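Report on the structure given below.
Chains as they are written, first to last, in full-length UniProt numbering: chain A, 1 to 375; chain B, 1 to 375; chain C, 1 to 375; chain D, 1 to 375.
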């Protein structure tokens with residue numbers, strides 16, 4: 001098989017699907033080449049917190065990217081629902097970042113101060129106020145930051161809605177498609193050779209998560225690696241929590257539709273397996289019950305793991321390949337892939353199609369820093 | 001355990017969940033007693049067609065019930081989404097009832113005429129017009145009735161949304177709760193004895209589908225029985241059909257969100273098993289491909305069966321028990337349980353709470369006809 | 001449908017399947033009537049320990065029953081493999097009953113003494129000897145009883161092998177068959193009315209676990225009830241334990257084929273749900289890791305619950321119904337259903353077919369004690 | 001991570017597991033490096049027919065390999081059961097290769113003649129004799145070859161038993177381990193770089209099925225490719241067939257333990273997806289019912305697909321890499337991977353460890369023919 005496209009997107013996770021959606025919506029003929037199934041890796045394993053403020057405490061390009069991306073979701077979700085009938089279950093009831101010790105409370109109060117500079121809705125809640133905000137939270141906290149704008153959604157549904165949104169705009173989806181290598185014409189990338197045949201295009205984006213480095217030699221193998229996160233879900237027919245509960249260390253309890261809560265996540269660097277260890281489950285349940293005691297009686301539903309792609313400096317690689325003109329990269333979003341997917345897809349699509357960059361801060365994420373060792 | 005409620009609903013299918021939702025929304029304290037899991041029987045196995053006109057061709061109480069019920073869904077779906085975050089994927093793109101022979105075309109044209117008397121949007125489509133309305137339909141039809149108002153949704157999600165909507169209004173849900181028998185106080189039913197203890201209430205509704213007769217002696221065992229329906233689903237990453245395809249014999253292809261189609265259903269009376277036979281799958285696939293040839297390449301997803309409760313005259317039993325003042329029945333909806341759930345829940349809740357009946361046609365569904373043998 | 005059989009077995013758990021197997025092997029025409037699927041309740045949820053000595057410490061009829069039953073398994077397993085090709089994975093590598101405190105060690109040493117009277121292979125192991133016997137056991141024990149004859153097997157496979165063994169001998173299996181009530185002819189039970197029609201036979205056995213009382217009025221509802229047990233399984237590609245690890249409180253870790261271990265079980269009386277609670281999983285994992293530390297890294301596989309039928313005095317009901325000549329009961333085996341299935345099936349079949357009772361101790365299990373309140 | 005082994009086996013399918021088992025049994029320290037899970041590709045998707053004679057009609061090296069391999073199974077299965085407790089459900093009740101037209105009958109009678117030269121147990125059965133041999137076979141055949149020695153087993157269980165047999169002999173198993181490339185020391189392969197770190201060894205075998213060519217440049221990409229096979233399974237509680245039913249075109253119905261039958265397989269070359277198409281299921285069911293009419297009522301269980309690695313001349317590549325001294329290949333077994341696994345593992349292990357080749361015919365399978373284009 002041979003086929004020509006305006007753009008190829010390698011990797012059908014949320015980043016690839018978002019970019020393909022934007023490209024096809026702009027009228028370009030796009031193919032998504034996915035080695036397994038759409039959304040089968042980190043994108044489908046995430047908890048879906050749109051934690052722009054929960055996850056990022058420092059002002060700078062990453063926070064700007066995150067806050068802009070978060071703001072895109074209400075409209076994006078509505079247009080995907082319209083086009084694909086898929087509802088991604090966006091819930092905007094806010095997040096509590098809880099202090100479990102006095103020391104943590106001091107740290108979090110400082111963070112709350114900082115956040116209030118750019119978002120006056122952020123508030124520090126006393127232990128009593130935290131209990132009032134979320135009655136099922138243990139009364140034994142040391143207070144919490146209330147971040148009302150950090151919503152959440154169902155990541156696997158978002159990924160499928162983006163891919164089917166691309167389909168709606170005439171994109172093609174190839175699953176179980178193994179990309180072997182680039183096809184060059186006189187040092188210029190003109191396509192890819194795959195298990196499903198050759199695909200030709202002048203624009204190729206690689207958004208293959210932790211596997212991106214297998215295709216892109218410019219990334220040092222040690223500079224992009226998975227951090228495995230293990231999660232579980234519980235269900236209940238009792239009243240459940242309404243707000244996302246979040247700890248600074250990266251632990252969270254996320255209330256989904258229909259009485260489900262998602263609890264995560266461990267962090268195991270360089271582990272490519274999807275096993276969920278016995279001790280991980282014990283840790284997640286024990287921590288969840290200490291924060292929301294009524295979860296002790298909730299029903300166990302399932303356990304899973306995702307391999308979140310991390311870079312050496314913690315920032316994603318976004319933008320044009322430093323040496324190959326027609327190759328673009330978008331990978332390394334670590335825990336923020338879902339949150340950042342909305343803006344990443346939009347900016348990448350614009351860049352690939354030669355639109356003048358509107359977002360100067362975006363250059364901070366270029367792969368050049370990898371080449372130059374400037375982090 | 002002993003507990004007192006304003007009303008008990010026995011059976012957590014779509015009818016029970018809908019009634020419990022309406023009762024709890026009216027402010028009553030309700031418990032749903034479900035022998036297995038919410039929505040685990042016919043409600044979760046349905047295809048979810050809101051086929052008021054596709055399923056019913058005769059004017060009369062059943063058609064009136066169906067058309068009124070269909071009209072309630074847009075608002076109901078929106079309020080459930082608001083309260084539970086569950087989207088039931090209501091799709092309102094219409095239905096084509098297709099003629100596959102000239103004889104069928106004659107019959108369907110007559111039916112189209114009749115429907116047009118009360119719905120001027122119904123139209124008869126020539127074979128070419130049918131192909132234009134749904135390009136993936138085989139061109140080899142003998143025409144089709146276009147019924148634009150018959151929508152569809154995800155039945156399991158509707159059932160869960162109704163049950164969680166009841167939960168939102170402080171109802172209690174007891175799963176794996178076996179109801180052994182009524183508790184009488186001086187010939188008056190005052191509660192039920194169950195595997196989870198005794199529940200007391202002056203109002204008891206039984207909406208246990210084909211199992212209702214095990215509890216309600218007034219129903220002759222042969223007058224309420226399951227008609228097993230076997231279904232399959234396929235998925236595709238190719239463009240898929242947009243409209244529900246329906247044959248007069250009760251065969252259908254229903255396009256769901258995300259490239260899924262549901263294909264059903266066989267009819268096996270008196271079969272309580274949930275097995276899906278090899279020949280049923282062969283029949284469903286072969287028929288589906290003959291109508292929509294591109295489905296040949298769609299991916300098989302799964303097969304399942306539901307036991308749809310049928311009555312001897314084909315109409316549901318709705319209303320007060322003829323001999324037990326405090327006992328109400330709502331069962332026997334056969335293929336129309338999802339469609340009729342919206343209005344059934346509303347009217348049953350009103351009746352149970354003594355509201356003056358607004359819908360005189362509703363008396364046609366009383367169990368008295370069973371007692372009197374007047375059908 | 002109407003059908004005549006030599007014997008009807010109501011309940012397709014391990015007890016019913018074993019009796020049906022023995023009856024059909026003796027040449028009788030048997031039908032198994034099962035409300036859901038063969039082995040879908042407690043029989044399929046058990047861990048499969050043949051713990052004649054691990055579970056029972058007192059001499060008497062129950063121990064005699066258990067030891068005789070355990071001795072039947074090697075031949076039974078071989079003949080089922082021959083007839084059905086199903087291997088039930090019988091493993092006879094013994095069991096360690098571990099002391100985790102000094103007080104427990106004292107109790108267990110006494111028990112070891114007692115057991116040695118009738119089984120000289122039983123030995124008390126010092127902490128060092130226990131570690132040597134099972135190197136993956138934590139060295140921090142207070143010793144253990146070694147019971148080399150208590151083997152284990154896969155309970156769901158045993159149940160299916162027995163049912164298919166009955167099939168091999170021309171028995172009939174009806175799944176999803178709801179038995180409504182007995183059919184009497186002049187006060188004599190002559191059959192049962194079911195959702196699949198009427199079945200006639202002069203011999204009816206009820207082996208429906210915790211649901212037996214729904215059919216047999218002679219059993220007081222409070223005298224036969226489920227004790228829910230929650231279990232999990234882990235898998236590993238590392239070397240695993242070889243011996244079953246058992247605590248006197250009823251906790252166990254059972255090594256299965258292919259690197260799987262089954263860990264159980266909680267005890268929740270009167271709970272008919274199959275939910276597995278978050279706290280149960282935390283408890284099971286935490287206890288398992290404290291005994292076998294290397295399990296911390298094993299992969300979580302799944303969680304499940306079974307409703308084990310318990311009687312008020314802890315002994316099963318076995319034998320003829322005290323008032324209905326043709327009705328037999330075999331239920332209430334609690335945690336010992338798998339272990340006792342071999343002998344129960346054999347003796348029940350003999351009794352039903354009028355063979356002279358060979359086992360006088362068997363009368364201890366008659367339902368009369370229920371009627372007479374003599375426990 | 002860095003580790004040294006006596007031998008590395010890349011690919012944890014049945015061929016890799018068998019070789020690792022034999023190597024570790026010989027006392028060598030072995031690691032299996034598997035990109036997903038043990039047995040997750042073609043090995044786990046096969047039907048498990050040991051069809052030495054059913055599949056191969058020409059005398060020559062392939063038939064010799066197949067017949068020798070088939071003869072190894074009874075002992076292999078017994079030793080794996082002993083070491084791992086895994087029973088692979090070897091059934092040796094023979095196979096009927098059925099003629100469905102007169103023309104086929106003529107072809108098959110010739111084949112039967114040929115087979116009888118080296119196996120006098122092979123017989124040609126008239127239609128009546130075929131019906132007698134397998135009473136559930138349709139009487140409307142044109143006769144059948146009876147091949148009593150072609151048995152069958154459960155392929156996923158065999159693969160796991162081999163891997164756990166290797167574990168028993170101290171081998172290590174790495175799942176989710178992506179092998180990136182060989183590590184060379186002065187043109188000699190000394191190990192592999194993987195996602196789980198570097199592994200060093202002087203002996204490396206690649207048995208990665210259709211993916212082998214991604215690692216071994218000497219194989220032309222077009223000379224090793226998948227032929228997707230789609231299968232389904234049915235179950236029944238009725239008496240089922242005893243013998244494997246086989247058609248010359250490669251269609252089969254295989255009776256497994258416990259009333260299960262496996263039906264396969266389609267053939268789709270160059271298709272890397274695991275989708276099972278609607279038309280494939282229709283084809284398999286319709287063909288199966290035409291041969292064994294009672295299967296019409298059997299219950300559908302599941303559908304799956306496997307990617308069987310095929311070579312350009314239809315023979316596997318077995319032996320040393322023509323240019324890299326320390327690299328061995330075993331791949332391309334197409335439909336015969338399970339059958340050939342026993343002998344392949346044995347001979348490959350012997351070759352890798354420098355044992356003098358005992359089987360001169362084995363040289364026919366060398367990769368040299370690929371290099372030299374001598375097929």
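Idealized CB from N, CA, C, for every residue including glycine. For clarity, every value in this text was computed on a predicted model and none was experimentally measured.
Just to make sure I have the definition right: I need the residues of chain D whose C-beta is within less than 8 Å of the C-beta of residue i. Which are they?
{"i": "residue 144 (chain B)", "result": "Those within 8 Å of residue 144 (chain B) in chain D number zero; the least Cβ separation is about 22 Å."}
{"i": "residue 214 (chain A)", "result": "178 and 180"}
Between which two residues does the alpha helix (DSSP H) containing residue i stretch?
{"i": "residue 414 (chain A)", "result": "The first residue shown for chain A is 1 and the last is 375, placing residue 414 (chain A) beyond what the model contains."}
Whose C-alpha, out of the options, is nearest the C-alpha of residue i?
{"i": "residue 242 (chain D)", "options": "C:85, C:54 and C:5", "result": "C:85"}
{"i": "residue 112 (chain A)", "options": "A:101, A:96 and A:215", "result": "A:96"}
{"i": "residue 181 (chain B)", "options": "C:117, C:215, C:266 and C:186", "result": "C:215"}
{"i": "residue 263 (chain A)", "options": "A:103, A:199, A:231 and A:306", "result": "A:231"}
{"i": "residue 129 (chain A)", "options": "A:339, A:159 and A:140", "result": "A:140"}
{"i": "residue 228 (chain C)", "options": "C:284, C:304, C:70 and C:172", "result": "C:304"}
{"i": "residue 289 (chain C)", "options": "C:271, C:353, C:265 and C:253", "result": "C:253"}
{"i": "residue 99 (chain D)", "options": "D:291, D:209 and D:198", "result": "D:291"}
Quick check on the DSSP output: the beta strand (DSSP E) that includes residue i runs from which residue to which?
{"i": "residue 123 (chain B)", "result": "123 to 125"}
{"i": "residue 182 (chain B)", "result": "179 to 185"}
{"i": "residue 4 (chain B)", "result": "2 to 4"}
{"i": "residue 283 (chain C)", "result": "First-last for residue 283 (chain C): 278 to 291, but that is the alpha helix (DSSP H), not the beta strand (DSSP E)."}
{"i": "residue 228 (chain A)", "result": "224 to 235"}
At 9 Å on the CB atoms, spell out the chain A contacts of residue i, in chain order.
{"i": "residue 251 (chain C)", "result": "Result: empty, since nearest Cβ-Cβ is about 15 Å, beyond 9 Å."}
Could you name the residues of chain D that residue i contacts, counting a contact when the two beta carbons are closer than 7 Å?
{"i": "residue 86 (chain C)", "result": "257 and 258"}
Residues of chain A with CB under 7 Å from residue i, in chain order?
{"i": "residue 173 (chain B)", "result": "237"}
{"i": "residue 196 (chain D)", "result": "272"}
Below 7 Å on C-beta distance, what does residue i contact in chain E?
{"i": "residue 299 (chain A)", "result": "This model lacks chain E altogether, as its protein chains are A, B, C and D."}
So which residues on chain B does residue i lean against when the C-beta distance must stay under 7 Å?
{"i": "residue 178 (chain C)", "result": "272"}
{"i": "residue 234 (chain D)", "result": "278"}
Where does residue i fall in DSSP's three states?
{"i": "residue 44 (chain B)", "result": "helix"}
{"i": "residue 199 (chain A)", "result": "strand"}
{"i": "residue 58 (chain C)", "result": "coil"}
{"i": "residue 174 (chain C)", "result": "strand"}
Check the Cβ of residue i against every Cβ in chain A and list those closer than 8 Å, keeping chain order.
{"i": "residue 91 (chain B)", "result": "85"}
What residues in the segment 270 to 288 of chain C bring their beta carbon closer than 7 Å to a beta carbon of chain B? 272, 273 and 274
- Which of the residues in the segment 154 to 174 of chain C, read from start to end, lie with their CB under 7 Å from any CB of chain D? 160, 164, 167 and 173
If the cut-off is 7 Å on Cβ atoms, which residues from the segment 295 to 320 of chain A count as contacting chain C, listed in chain order? 295, 296, 297, 298, 299, 300 and 303
| request: Could you please tell me which residues of the segment 33 to 61 of chain A, in chain order, have their CB closer than 7 Å to any CB of chain D? | output: none
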